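Student:
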Amino acid sequence: MKNQQTFQIIGQASPRFYSLAAVAAGVLGLGLIAAWYMEYNGHWVTGMNNQVVWGLPHVFAVFLIVAASGVLNMASIGSVFGQAAYKPLARLSGLMAIALLLGGLAVLVLDLGRPDRLIIAMTSFNFRSIFAWNIFLYTGFIAIVALYLWLLMERRLMKWSGKAGLLAFVWRLVLTTGTGCIFGFLVAREAYNSAIMAPLFIAMSLAIGLAIFMLALAACYGREVALGGAMGRRMARLLTIFVAVVLYFTTLQHLTGLYGAGSYGIERFLLLEGGAITAMFWLLQVGAGGIVPLALLLWPLSRQRPPGWSLSAAVLVILGGLAQVYVIIIGGQSYPLNLFPGYEISSSFFDGAIASYGPSWPELVLGLGGIALAAMVVMLGLRILPILPTSIVEKAVDPPK
Amino acid sequence: MTGRRDFLAGAAALALTIAPGVTLYPMAQAALTSGPASAKNRWGMLIDANRCKADCSACVGACGEENAIGPAHGPAIQAQWIRKVDLRHKGSGRKLSLPVMCQHCAEPPCADVCPTGASFKRADGIVLVDKHRCIGCRYCMLACPYKARSFVHETVTDQAPHAPRGKGTVESCTLCVHRVDAGGTPACVEACAGLGHGAIIFGDLNDPTSEISKRLAEYPSAAIRADLGLDPGVRYQGL
Numbered sequence: 000m001k002n003q004q005t006f007q008i009i010g011q012a013s014p015r016f017y018s019l020a021a022v023a024a025g026v027l028g029l030g031l032i033a034a035w036y037m038e039y040n041g042h043w044v045t046g047m048n049n050q051v052v053w054g055l056p057h058v059f060a061v062f063l064i065v066a067a068s069g070v071l072n073m074a075s076i077g078s079v080f081g082q083a084a085y086k087p088l089a090r091l092s093g094l095m096a097i098a099l100l101l102g103g104l105a106v107l108v109l110d111l112g113r114p115d116r117l118i119i120a121m122t123s124f125n126f127r128s129i130f131a132w133n134i135f136l137y138t139g140f141i142a143i144v145a146l147y148l149w150l151l152m153e154r155r156l157m158k159w160s161g162k163a164g165l166l167a168f169v170w171r172l173v174l175t176t177g178t179g180c181i182f183g184f185l186v187a188r189e190a191y192n193s194a195i196m197a198p199l200f201i202a203m204s205l206a207i208g209l210a211i212f213m214l215a216l217a218a219c220y221g222r223e224v225a226l227g228g229a230m231g232r233r234m235a236r237l238l239t240i241f242v243a244v245v246l247y248f249t250t251l252q253h254l255t256g257l258y259g260a261g262s263y264g265i266e267r268f269l270l271l272e273g274g275a276i277t278a279m280f281w282l283l284q285v286g287a288g289g290i291v292p293l294a295l296l297l298w299p300l301s302r303q304r305p306p307g308w309s310l311s312a313a314v315l316v317i318l319g320g321l322a323q324v325y326v327i328i329i330g331g332q333s334y335p336l337n338l339f340p341g342y343e344i345s346s347s348f349f350d351g352a353i354a355s356y357g358p359s360w361p362e363l364v365l366g367l368g369g370i371a372l373a374a375m376v377v378m379l380g381l382r383i384l385p386i387l388p389t390s391i392v393e394k395a396v397d398p399p400k
Numbered sequence: 000m001t002g003r004r005d006f007l008a009g010a011a012a013l014a015l016t017i018a019p020g021v022t023l024y025p026m027a028q029a030a031l032t033s034g035p036a037s038a039k040n041r042w043g044m045l046i047d048a049n050r051c052k053a054d055c056s057a058c059v060g061a062c063g064e065e066n067a068i069g070p071a072h073g074p075a076i077q078a079q080w081i082r083k084v085d086l087r088h089k090g091s092g093r094k095l096s097l098p099v100m101c102q103h104c105a106e107p108p109c110a111d112v113c114p115t116g117a118s119f120k121r122a123d124g125i126v127l128v129d130k131h132r133c134i135g136c137r138y139c140m141l142a143c144p145y146k147a148r149s150f151v152h153e154t155v156t157d158q159a160p161h162a163p164r165g166k167g168t169v170e171s172c173t174l175c176v177h178r179v180d181a182g183g184t185p186a187c188v189e190a191c192a193g194l195g196h197g198a199i200i201f202g203d204l205n206d207p208t209s210e211i212s213k214r215l216a217e218y219p220s221a222a223i224r225a226d227l228g229l230d231p232g233v234r235y236q237g238l
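Keeping their order, the protein sequence lines are chains A and B. Reading the first sequence from the start, the letters are residues 0 to 400 in numbering that gives the first Met the number 0. Reading the second sequence from the start, the letters are residues 0 to 238 in numbering that gives the first Met the number 0.
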């Protein structure tokens with residue numbers, strides 16, 4: 000038996016902790032005001048319209064939901080794949096998973112045309128709808144991860160935590176599959192109609208979730224301790240693999256489109272002629288979110304890589320992930336539906352035209368409010384529960400062999 | 000169903016005497032004129048592209064007037080239950096003009112994806128949105144291959160009692176269900192016929208003696224995005 004792992008509660012009498020919480024509360028408050036403003040006036044005050052019906056709030060919501068399932072991976076590596084080094088981090092991983100999901104769901108619900116009818120969504124189900132499945136997947140995820148957290152923290156029941164961890168791991172794979180299939184099963188849209196959306200979303204969740212976890216660890220323990228030691232090197236290696244897998248599935252996604260003549264149009268739009276969307280794809284998603292982090296994580300190939308490089312890579316992966324969700328959601332809707340193949344089409348309803356969408360301030364603030372809500376839930380958890388390991392220095396966990 | 004009918008008749012009478020103009024009155028009135036939607040019917044339309052005039056949008060105007068679809072804050076958010084599309088064949092240059100609206104699919108993707116069941120298909124094939132159940136998620140708008148749906152982006156005023164609309168919900172062509180239930184034809188069909196164009200025929204696809212069925216049996220027709228296998232109730236000739 001190695002040294003008993005101990006956990007701590009943080010934030011008591013810490014001005015930094017409470018200032019951060021105050022900032023998060025402020026952003027959350029602004030987010031709620033933005034949501035009220037949108038609902039009171041109607042969605043005409045946003046950038047969304049009858050062409051681009053899902054806007055920036057959905058980008059943030061999907062990003063947070065994908066990140067939620069991904070961040071749980073840190074716990075799964077310990078409980079499902081038996082890597083002892085990760086086990087002390089399982090509590091933080093579970094807490095962050097719940098928090099990010101709550102943040103994403105809040106944004107999703109507050110962007111509904113009728114958020115006041117949430118009770119209808121919770122009581123009246125159409126089981127052919129992937130959205131309806133997702134309602135169960137999301138609430139189930141929160142319940143299972145909460146159970147898992149409890150088993151991790153209750154010493155007498157800890158022997159069951161592995162089983163709960165396995166259930167949570169399987170559930171999160173199904174959940175992200177469900178999120179991907181929201182798009183993947185849309186036969187009407189050339190940009191989406193592909194089963195690859197499910198594994199692509201799972202890959203994105205792994206990369207984004209780990210990157211956010213690395214940032215959180217750096218915030219809790221400092222960059223040097225969190226990312227400079229053995230644990231930091233493990234996470235950097237893992238992030239390298241996840242980023243490469245995202246690039247792999249992204250390549251496959253677009254090769255699938257490019258192979259069939261019927262989808263040349265949408266691919267030409269996304270990859271060449273889409274203006275801001277194209278720039279976002281190449282510069283932010285592929286460049287800043289894929290190639291640059293890979294370079295930072297792989298080069299130079301020495302063990303003395305400064306922790307700041309890993310941190311920068313994590314920040315870039317998060318930005319790239321946000322850009323990727325934007326390109327998928329906004330880019331996919333911007334390209335017109337092809338009702339009459341072989342014809343040029345025009346109408347007063349923007350048939351045949353590339354839709355324009357400019358994100359509005361209320362949408363952005365609502366999205367940031369979701370992030371603030373997630374941050375507040377994490378801080379509340381850290382403040383009242385023994386979530387954080389007292390130390391994550393190598394000796395306290397599993398010394399590298 | 001006589002009990003329900005009696006109740007509705009009573010309710011209508013009540014509405015008439017106590018509170019004339021209350022929405023219950025016209026709704027009950029409509030229900031009185033016909034029974035519940037029956038799978039014996041499959042209401043549909045046949046649009047003849049050869050008869051549809053490029054410079055005519057009478058169908059669009061009639062729809063807007065019938066269903067009280069007022070102007071919005073801008074064209075990008077303007078609700079359009081029916082629109083005229085202009086087509087030009089890329090190879091031959093042949094030009095066409097035709098109306099596109101909800102195609103009232105037998106297998107509607109909008110109803111499949113709707114989480115609450117607000118989007119639904121009646122037994123007689125008319126696809127509708129239950130405005131009291133719609134939470135405004137807009138998933139149906141992403142799923143519809145015909146871009147047939149609009150989201151109400153702002154407060155609506157001066158609604159027609161038979162065509163309720165609501166900020167924050169999704170809407171589309173109802174096939175003028177209030178007229179159909181009363182034994183009539185949709186406003187767009189009437190307007191087109193009134194001008195003598197006769198480019199839109201409305202009728203029962205299940206009735207082999209109806210004009211629409213006869214025309215479909217006699218001449219070739221097509222469905223938009225037939226590759227999706229949705230079996231739309233709106234068909235086109237001359238495409």
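Think of the CB as a built atom: it goes at the ideal place given N, C-alpha and C, for glycine as much as any other residue. This structure is a prediction, so every number in the text was calculated from the model and none was measured.
Relative to the alpha-carbon of A:Q4, which residue among A:F349, A:A84, A:F80 and A:I201 has its alpha-carbon at the smallest distance?
Tutor: Looking up residue 4 of chain A in the first sequence gives position 5. Measuring from the Cα of A:Q4, the nearest candidate turns out to be A:A84.
Student: Just the chain A side, please: which residues come within less than 7 Å of B:F171 by C-beta, in chain order?
Tutor: For the purposes of this step, residue 171 of chain B is identified with residue 172 of the second sequence, where counting begins at 1. Residue identity check: residue 171 of chain B is Ser in the sequence provided, not Phe. Those within 7 Å of B:S171 in chain A number zero; the least Cβ separation is about 11 Å.
Student: If you measure beta-carbon to beta-carbon, which residues of the segment 241–258 of chain A are closer than 8 Å to chain B?
Tutor: Under the 8 Å Cβ criterion, the segment 241–258 of chain A contributes no residue.
Student: Listing by chain order, which chain A residues have their CB less than 9 Å from the CB of B:K89?
Tutor: Working through the second sequence from its first residue, we reach residue 89 of chain B at position 90. Going along chain A in sequence order, the residues near B:K89 (Cβ under 9 Å) are G341, Y342 and E343.
Student: Within its chain, find whatever has a CB closer than 6 Å to the CB of B:D203; leave out the 5 residues flanking it on each side and keep chain order.
Tutor: On the second sequence, residue 203 of chain B is found 204 positions in, with the first residue counted as 1. Result list for B:D203: N40 and S209, in chain order.
Student: Measuring CA to CA, which of B:A117, B:C191 and B:D123 is closest to B:V59?
Tutor: If you number the second sequence from 1, residue 59 of chain B lands on position 60. Ranking the options by Cα distance to B:V59, first place goes to B:C191.
Student: Which residues does DSSP pair with B:M44 in a beta bridge?
Tutor: As a first step, residue 44 of chain B is located in the second sequence; it is residue number 45 there, counting from the start. According to DSSP, B:M44 bridges with B:F201 and B:V233.
Student: Taking B:G193 as the reference, which of B:A61, B:M44 and B:D54 has the closest Cα?
Tutor: If you number the second sequence from 1, residue 193 of chain B lands on position 194. Out of B:A61, B:M44 and B:D54, B:A61 has the C-alpha closest to the C-alpha of B:G193.
Student: Helix, strand or coil: how does DSSP classify B:K213 here?
Tutor: Residue mapping note: residue 213 of chain B aligns to position 214 of the second sequence, counting from 1. Reduced to three states, the DSSP call for B:K213 is helix.
Student: Three Cβ pairs or more, each shorter than 8 Å: is that satisfied between the segment 379–395 of chain A and the segment 43–50 of chain A?
Tutor: These segments do not touch.
Student: Chain A beta carbons: is any one of them nearer than 8 Å to that of B:C113?
Tutor: Within the second sequence, the letter at position 114 stands for residue 113 of chain B. Closer than 8 Å: yes.
Student: Locate the beta strand (DSSP E) running through B:H88, then write down its first and last residues.
Tutor: In the second sequence, counting from the first residue as 1, residue 88 of chain B sits at position 89. Note, B:H88: beta strand (DSSP E), I81 to H88.
Student: Per DSSP, what kind of secondary structure is B:V21 in: helix, strand or coil?
Tutor: In the second sequence, counting from the first residue as 1, residue 21 of chain B sits at position 22. Per-residue confidence for B:V21 stands at a pLDDT of 44, beneath the threshold of 50, marking its modelled position as unreliable; the derived number appears in the next sentence. Here B:V21 sits in coil by DSSP.
Student: Please list, in chain order, the chain B residues whose beta carbon lies closer than 9 Å to that of A:L55.
Tutor: Numbered from its first residue, the first sequence carries residue 55 of chain A at position 56. Chain B residues near A:L55: none, gap ~14 Å exceeds 9 Å.
Student: Could you pull out every residue in the same chain whose Cβ sits closer than 8 Å to the Cβ of B:G20, ignoring the five residues on either side in sequence?
Tutor: Here residue 20 of chain B refers to the residue found at position 21 of the second sequence. Because B:G20 sits at a pLDDT of 45, beneath the cut-off of 50, its placement in the model cannot be relied upon, and the following sentence gives the value as read from the coordinates. Cβ within range, chain order: n/a, list empty.
Student: Who are the near neighbours of A:A60 in its chain, counting only those whose CB is closer than 8 Å to its CB and skipping five residues on each side?
Tutor: Counted from its first residue, the first sequence places residue 60 of chain A at position 61. Same-chain partners within the cutoff: G103, L104, V106, L107, D110, G366 and G369.
Student: Please say whether A:L238 and A:V316 have beta carbons closer to each other than 8 Å?
Tutor: Within the first sequence, the letter at position 317 stands for residue 316 of chain A. Within the first sequence, the letter at position 239 stands for residue 238 of chain A. Yes; because the gap between Cβ atoms is below 8 Å, this pair is in contact.
Student: Give me the residue from B:C139, B:D85 and B:L97 with the minimum Cα distance to B:C109.
Tutor: Locating residue 109 of chain B in the second sequence gives position 110, where the first residue counts as 1. The candidate whose alpha carbon is nearest that of B:C109 is B:C139.
Student: Could you name the residues of the same chain whose beta carbon sits closer than 6 Å to that of A:T175, not counting the 5 residues immediately before and after it, in chain order?
Tutor: As a working mapping, residue 175 of chain A is identified with position 176 in the first sequence. Cβ within range, chain order: S68, F200, I201 and S204.
Student: Is it the case that the segment 284–301 of chain A contacts the segment 178–186 of chain A, given that we only count it when at least three CB pairs across the two stretches are under 8 Å?
Tutor: Contact fails: fewer than three Cβ-Cβ distances are below 8 Å.
Student: Skipping 5 residues on each side, what residues in its chain have a beta carbon closer than 7 Å to that of B:N66?
Tutor: On the second sequence, residue 66 of chain B is found 67 positions in, with the first residue counted as 1. Answer for B:N66: W80, A159 and A162, listed in chain order.
Student: CA-CA distance, A:G208 and A:L214?
Tutor: For this step, residue 208 of chain A is matched to residue 209 along the first sequence. For this step, residue 214 of chain A is matched to residue 215 along the first sequence. Straight-line Cα distance between these residues: approximately 10 Å.
Student: Tell me the DSSP secondary structure of B:P74 in three-state form.
Tutor: Numbered from its first residue, the second sequence carries residue 74 of chain B at position 75. Of the three classes helix, strand and coil, the one that applies to B:P74 here is helix, per DSSP.
Student: Can you list, in chain order, the residues of its chain with a C-beta nearer than 6 Å to that of B:R121? Leave out the 5 residues immediately preceding and following it.
Tutor: For the purposes of this step, residue 121 of chain B is identified with residue 122 of the second sequence, where counting begins at 1. These residues qualify, in order along the chain: A36.
Student: CB B:G167 to CB A:G41, shorter than 8 Å?
Tutor: Residue numbering aside, residue 167 of chain B sits at position 168 when the second sequence is read from its first letter. Residue numbering aside, residue 41 of chain A sits at position 42 when the first sequence is read from its first letter. In contact: B:G167 and A:G41 (Cβ atoms closer than 8 Å).
Student: How would you call B:T22, buried or exposed, if buried means at least 16 neighbouring beta carbons within 10 angstroms?
Tutor: For the purposes of this step, residue 22 of chain B is identified with residue 23 of the second sequence, where counting begins at 1. Reliability fails at B:T22, whose pLDDT of 44 lies under 50, so the model's placement of it is uncertain and the value that follows must be treated cautiously. Per the 10 Å Cβ criterion, exposed.
Student: Just list the alpha helix (DSSP H) runs in the segment 108–145 of chain B, keeping only unbroken ones of 4 residues or longer that don't cross its boundaries, in chain order.
Tutor: The segment 108–145 of chain B contains these whole alpha helix (DSSP H) runs: 108–112 and 138–142.
Student: Nearest chain B C-beta to A:W360 closer than 8 Å, yes or no?
Tutor: For the purposes of this step, residue 360 of chain A is identified with residue 361 of the first sequence, where counting begins at 1. Taking Cβ atoms only, chain B never reaches closer than 8 Å to A:W360, which makes this a no.
Student: Taking a Cβ distance cut-off of 8 Å, strictly less, list which residues of the segment 60–76 of chain B are near chain A, in chain order.
Tutor: Within the segment 60–76 of chain B, the residues whose Cβ lies closer than 8 Å to some Cβ of chain A are A71, H72, G73, P74, A75 and I76, listed in chain order.
Student: Name, in chain order, the residues that DSSP records as bridge partners for A:Y342.
Tutor: In the first sequence, the residue the question calls residue 342 of chain A occupies position 343. A:Y342 is bridged to B:H88.
Student: Does the beta-carbon of A:Y263 have 16 or more other beta-carbons within 10 angstroms, so that it is buried, or is it exposed?
Tutor: Within the first sequence, residue 263 of chain A is the residue found at index 264, counting from 1. By the neighbour-count rule (16 or more Cβ atoms within 10 Å), A:Y263 is not buried but exposed.
Student: Taking the alpha-carbon positions, what's the A:S309 to A:V70 distance?
Tutor: For the purposes of this step, residue 309 of chain A is identified with residue 310 of the first sequence, where counting begins at 1. For the purposes of this step, residue 70 of chain A is identified with residue 71 of the first sequence, where counting begins at 1. So the alpha carbons of these two residues sit roughly 17 Å apart.
Student: In its own chain, which residues sit with a C-beta less than 7 Å from the C-beta of B:T184, not counting the 5 before and 5 after it?
Tutor: Within the second sequence, numbered from 1, the residue matching residue 184 of chain B stands at position 185. Excluding residues within five positions, the ones whose Cβ falls inside 7 Å are R178 and F201.
Student: Here's a check: name, in chain order, each residue in its chain whose Cβ is nearer than 7 Å to the Cβ of B:C172, leaving out the five neighbours to either side.
Tutor: Looking up residue 172 of chain B in the second sequence gives position 173. For B:C172, where only same-chain residues beyond five positions count, the Cβ hits under 7 Å are W80, I81, M100, C101 and A147.
Student: Along the alpha helix (DSSP H) that carries A:L361, what are the first and last residues, could you check?
Tutor: Locating residue 361 of chain A in the first sequence gives position 362, where the first residue counts as 1. Note on identity: in this sequence residue 361 of chain A is Pro, with Leu being the wrong assignment. Element bounds for A:P361: W360 to I383.
Student: Mind checking A:Q323: buried by the 16 CB within 10 Å criterion, or exposed?
Tutor: As a working note, residue 323 of chain A is residue 324 in the first sequence. When all chains shown are included, A:Q323 counts as buried.
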